[in-house]
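First up is the structure itself, then whatever we jot down about it.
In our numbering, the protein residues as written are 52 to 110.
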């Protein structure tokens, strides 16, 4: 990311799990689309887990 605006950015970055971004900025937030994708993947691939169904209307 050298030579890009991200290099000197001091605000919060909204991104996915990419570890590269954790070297830049002061704060980090995860994109909600990525959070939902991970949750959906957990619901589909880990049916034995119940935490991922908390608050769901239907399993």
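Heads up, the beta-carbon is just placed ideally off N, CA and C, and yes, glycines get one too.
Requested in this report: Let me know the secondary structure DSSP gives residue 78 once reduced to three states.
Outcome: Within the chain shown, numbered from 1, the residue matching residue 78 stands at position 27. In the displayed model, residue 78 falls within a strand according to three-state DSSP.
**Report entry** Through-space distance from residue 95 to residue 73, alpha-carbon basis
**Finding:** In the chain shown, counting from the first residue as 1, residue 73 sits at position 22. In the chain shown, counting from the first residue as 1, residue 95 sits at position 44. So the two alpha carbons sit approximately 29 angstroms from each other.
Query - Cα-Cα separation, residue 88 to residue 54 - result: Along the chain shown, read from residue 1 onward, the residue named residue 88 stands at position 37. Along the chain shown, read from residue 1 onward, the residue named residue 54 stands at position 3. Going from the Cα of residue 88 to the Cα of residue 54 covers about 31 angstroms.
Query raised in the report: Residues bridged to residue 66 by DSSP?
Result: Sequence index remark: in the chain shown, residue 66 carries index 15 (1-based). Paired residues: 81.
**Report entry** Chain-order list of residues whose beta-carbon lies under 8 angstroms from that of residue 103 (same chain, five-residue window excluded)
**Finding:** Your numbering for residue 103 matches position 52 in the chain shown. Counting only Cβ-Cβ distances below 8 angstroms, and skipping sequence neighbours, we find 90, 93, 94, 97.
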